[in-house]
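Colleague: In the order they appear, the protein sequences are chains A and B. The first sequence begins at 1 in the working numbering and counts up by one. The second sequence begins at 1001 in the working numbering and counts up by one. Just dropping this structure here.
2 protein chains.
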Amino acid sequence: MVVSPSASNRSAASTARQTAAATISHAADRLLNAIDLRGAPVCVGLDPDVNRLPQSIRPRGNDPTSIVSAIESFCLGVLDAVVEIVPCVKPQAACFERYREVGVASMYRVIAAARQRGLQVILDAKRGDMGLTADHYATAAFGPIADDGDGAKHDSPDWITVNSYLGRDGIEPFLRPDRGAFALVRTSNPGGDALQSLPLASPSGSARTVAEAVAALVADLGQSHVGASGYSNLGAVVGATKAQDAARLRELMPRQIFLVPGFGAQGGGARDVVPCFDGRGRGAIVTASRSVLYAFAPGASNWSHAVRDAARKMADEVSTAVSSR
Amino acid sequence: MVVSPSASNRSAASTARQTAAATISHAADRLLNAIDLRGAPVCVGLDPDVNRLPQSIRPRGNDPTSIVSAIESFCLGVLDAVVEIVPCVKPQAACFERYREVGVASMYRVIAAARQRGLQVILDAKRGDMGLTADHYATAAFGPIADDGDGAKHDSPDWITVNSYLGRDGIEPFLRPDRGAFALVRTSNPGGDALQSLPLASPSGSARTVAEAVAALVADLGQSHVGASGYSNLGAVVGATKAQDAARLRELMPRQIFLVPGFGAQGGGARDVVPCFDGRGRGAIVTASRSVLYAFAPGASNWSHAVRDAARKMADEVSTAVSSR
Chain A
1 MVVSPSASNR SAASTARQTA AATISHAADR LLNAIDLRGA PVCVGLDPDV NRLPQSIRPR
61 GNDPTSIVSA IESFCLGVLD AVVEIVPCVK PQAACFERYR EVGVASMYRV IAAARQRGLQ
121 VILDAKRGDM GLTADHYATA AFGPIADDGD GAKHDSPDWI TVNSYLGRDG IEPFLRPDRG
181 AFALVRTSNP GGDALQSLPL ASPSGSARTV AEAVAALVAD LGQSHVGASG YSNLGAVVGA
241 TKAQDAARLR ELMPRQIFLV PGFGAQGGGA RDVVPCFDGR GRGAIVTASR SVLYAFAPGA
301 SNWSHAVRDA ARKMADEVST AVSSR
Chain B
1001 MVVSPSASNR SAASTARQTA AATISHAADR LLNAIDLRGA PVCVGLDPDV NRLPQSIRPR
1061 GNDPTSIVSA IESFCLGVLD AVVEIVPCVK PQAACFERYR EVGVASMYRV IAAARQRGLQ
1121 VILDAKRGDM GLTADHYATA AFGPIADDGD GAKHDSPDWI TVNSYLGRDG IEPFLRPDRG
1181 AFALVRTSNP GGDALQSLPL ASPSGSARTV AEAVAALVAD LGQSHVGASG YSNLGAVVGA
1241 TKAQDAARLR ELMPRQIFLV PGFGAQGGGA RDVVPCFDGR GRGAIVTASR SVLYAFAPGA
1301 SNWSHAVRDA ARKMADEVST AVSSR
């Protein structure tokens, strides 16, 4: 495992801040508080790829255990590199599940390590099923997975991403007082347009798109889960690459925190994300994965410095854009 | 583990049929062939629930390992009970993932056991992510998970269910020559209506719903994956509870096998599923979970007979309805 200098020198003040944030029960209040404490509404996506690891962290074999051990070391190094800069990380479930049970066990260790460092954690799993089945997925993520009475396990994420296509009964099972869900509304990928930007029939003449209909549903479902911050434990995924839609979606979802992917490698820039924030510059968190994780030069010995610098650059860019709107 | 009498007496003829089906490479051709050999277009969903197990299969403790061991024994017993009746089973990923890595390992053992018995396997995982991330999910399901050169692993399912909300780049990574995907088009749950039945704007006056737009997309994406049977490795999920929509969706998707959930416990009946089939009574497979899995009386010692009888009743009902259309 690589430990960056900043981790070992973590200040008492920083620890106190983390403790303060951790004691807030409502998930949206806790996330917004963590953003305020760090001063930057940004998140680093943990999308580990064995083919892009630093030279100093290479798997010892081609078996799943060796590979997962390497990507876990990388993730822990990234956590230490960014913990003083960002309030939140977002493990990508697919990158771990790709290695089946070995990867799943590792994913929850990484989540535990992130929480131990005082980071908020969004599990990017995009689960989407109905009723009882959705309950099972919520239990997998948030626990307790067995009858051990531990309702807020140390290795459960604060948030999970969920798919909206199944409607209410695909979303509500993930909402808890102390845990939240980001529902897909407008995804950052090119293929999403084929469905999400289709215009709906409008008897009244006020046309809206499929994504806007989903936004209205999400706003409605989230009403009963609003915290002291004015934001709900049901948030929304709105891609940075869909800047033209963000302002309208912000209007439709005044109480949803926006999780904004697509920044960096996918082409979204700092100005594109501004309409995702509310009038006070709050209510959204911008996330980048590859542009931060793989910021180091091939063979670089100080790879974690490059990751930290890329996280800081992103934090500065987004904070500046939001504050100078 | 409970072994039903039918399993130990499995006939040579049956084994020969299974071998014939297994040697077909194209996933849709293989599934339709398996349906023809069994004479019934039905599937049993494996949604194990620790609270509903037969009295003879109870976990020895409340820890995940004990619980998963019990649900796995139950699943293996169900496989033996239905293997002579149905061509296909559908493990519900959430029921296993609920126990994290312990459950995931068990899920792939159950898949391997089903394939070993000559059953076609649909992994109901409803994955939905884009590009590289979807690739990871496809690798998790279909392998190879490490660099071992095994392209058609014994424990990989024949099909997986995927979510359509992300469009093309959320679906295509799951299509392989020998493996297929069922994309969600019209789900069987009540909440799905809120989005899927919304009417789209139609300049030409021919109104269509969101689900019909998704159907058109699925039909288009599936074109290049059609086998000798005339059916594609990209199929569609169309709920039995949405009988009023099925005929139109069948028209829009002439080359998609329909996976039809919602039969039995969710309220769909044999007549409701008829419009999901093509003019020759092919091209769909009806799936039931709870009404078959939990057909036994509490405390029944011969629970596997009740499961077998429920599977046979369902197979007969569906076959009769389809052949007398």
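A virtual CB, placed ideally from N, CA and C, is assigned to each residue, including glycine.
Looking at chain B, is there any beta carbon in it that lies within less than 8 Å of the beta carbon of Ala183/A?
Modeller: No, Ala183/A does not count as interfacial toward chain B.
Colleague: Since I believe Ala1288/B is in contact with Met1314/B (beta carbons under 8 Å), could you give me their beta-carbon distance rounded to a whole number of angstroms?
Modeller: Right, the Cβ-Cβ distance comes to about 6 Å (below 8 Å), so this counts as a contact.
Colleague: List the residues of chain B whose Cβ lies closer than 8 Å to the Cβ of Ile380/A, in chain order.
Modeller: Chain A is shown from 1 up to 325; residue 380/A falls before or after that span and cannot be answered.
Colleague: Is the region 204 to 215 of chain A close to the region 245 to 257 of chain A, with three or more CB pairs under 8 Å?
Modeller: Short answer: they touch.
Colleague: Count Cβ pairs between the region 1029 to 1038 of chain B and the region 1186 to 1199 of chain B that sit closer than 8 Å; are there 3 or more?
Modeller: Too few Cβ pairs lie closer than 8 Å, so no.
Colleague: Mind checking Ser1232/B: buried by the 16 CB within 10 Å criterion, or exposed?
Modeller: With 16 or more Cβ atoms within 10 Å of its Cβ, Ser1232/B is classed as buried.
Colleague: How should Ser1202/B be labelled, buried or exposed, when 16 other C-beta atoms within 10 angstroms of its C-beta is the threshold for buried?
Modeller: By the neighbour-count rule (16 or more Cβ atoms within 10 Å), Ser1202/B is not buried but exposed.
Colleague: For Asn1033/B, count neighbouring Cβ atoms within 10 angstroms of its own Cβ and tell me buried if that reaches 16, exposed if not.
Modeller: Buried, because 16 or more other Cβ atoms sit within 10 Å of the Cβ of Asn1033/B.
Colleague: Judging by CA-CA distance, which residue of Arg1255/B, Asp1135/B, Val1286/B, Gln1244/B is the nearest neighbour of Ser1229/B?
Modeller: When each option's Cα is compared against that of Ser1229/B, the closest is Arg1255/B.
Colleague: By DSSP's criteria, Gly1045/B is part of a beta bridge. Which residues make up the other side?
Modeller: In the DSSP output, where bridge partners are listed per residue, Gly1045/B has Lys1090/B.
Colleague: Work out the CA separation of Val274/A and Val238/A for me, nearest whole Å.
Modeller: Going from the Cα of Val238/A to the Cα of Val274/A covers about 12 Å.
Colleague: For Gln92/A, return the contacting residues in chain B, with the cut-off set at a CB-CB distance below 7 Å.
Modeller: The contacting residues are Thr1133.
Colleague: Roughly how many angstroms lie between the CA atoms of Asp169/A and Ala1194/B, to the nearest whole one?
Modeller: Their backbone Cα atoms lie some 11 Å apart in a straight line.
Colleague: I'd like to know whether the C-beta of Pro173/A is nearer than 8 Å to at least one C-beta of chain B.
Modeller: Not closer than 8 Å to any Cβ of chain B, the Cβ of Pro173/A fails to qualify, so no.
Colleague: Rounded to a whole number of angstroms, what is the C-alpha to C-alpha distance between Val226/A and Ala28/A?
Modeller: Cα-Cα distance, rounded: 8 Å.
Colleague: Going along chain B, which residues have a C-beta under 8 Å from Ser202/A?
Modeller: Near Ser202/A (Cβ distances below 8 Å), the residues of chain B are Ala1201.
Colleague: In chain order, which continuous runs of the alpha helix (DSSP H) of length 4 or greater are located wholly inside the region 184 to 214 of chain A?
Modeller: Counting whole runs of 4 or more residues, the region 184 to 214 of chain A contains the alpha helix (DSSP H) stretches 193 to 196.
Colleague: Can you have a look at Ala1093/B and say buried or exposed, based on whether 16 or more other CB atoms are within 10 angstroms of its CB?
Modeller: It is buried - the Cβ of Ala1093/B has at least 16 other Cβ atoms within 10 Å.
Colleague: Is the Cβ of Pro190/A closer than 8 Å to any Cβ of chain B?
Modeller: Yes - at least one Cβ of chain B is within 8 Å of the one on Pro190/A.
Colleague: Can you check the region 1243 to 1309 of chain B for any beta strand (DSSP E) of at least 3 residues that lies completely inside it and give the ranges in chain order?
Modeller: Runs found: 1258 to 1260, 1284 to 1288.
Colleague: Counting along the chain, where does the alpha helix (DSSP H) carrying Asp1135/B start and finish?
Modeller: Looking at the DSSP string, the run of the alpha helix (DSSP H) that includes Asp1135/B is 1131 to 1142.
Colleague: Could you name each continuous alpha helix (DSSP H) segment of 4 residues or more that falls completely within the region 1049 to 1117 of chain B, going from the start of the chain to the end?
Modeller: Taking only runs of at least 4 residues, the alpha helix (DSSP H) segments lying wholly in the region 1049 to 1117 of chain B are 1064 to 1082, 1093 to 1097, 1100 to 1116.
Colleague: Provide the residue span of the alpha helix (DSSP H) that contains Ala228/A, from first to last.
Modeller: No alpha helix (DSSP H) contains Ala228/A, which DSSP labels as neither H nor E.
Colleague: Say whether the region 1093 to 1110 of chain B touches the region 1172 to 1180 of chain B, bearing in mind that this needs 3 or more beta-carbon pairs closer than 8 Å, one atom from each stretch.
Modeller: No: fewer than three Cβ pairs fall under 8 Å.
Colleague: Which residue wins for smallest C-alpha separation from Pro1157/B, given the options Val1218/B, Ser1224/B, Phe1142/B, Ala1300/B?
Modeller: Out of Val1218/B, Ser1224/B, Phe1142/B, Ala1300/B, Phe1142/B has the C-alpha closest to the C-alpha of Pro1157/B.
Colleague: Is any beta-carbon of chain A found at less than 8 Å from that of Ile1067/B?
Modeller: So yes, Ile1067/B belongs to the interface.
Colleague: Is Leu1259/B close to chain A, meaning its C-beta is less than 8 Å from at least one C-beta of that chain?
Modeller: Leu1259/B does not count as touching chain A.
Colleague: How would you write the range of the alpha helix (DSSP H) that Arg325/A sits in, first residue to last?
Modeller: It is not in any alpha helix (DSSP H) - Arg325/A carries neither H nor E in the DSSP assignment.
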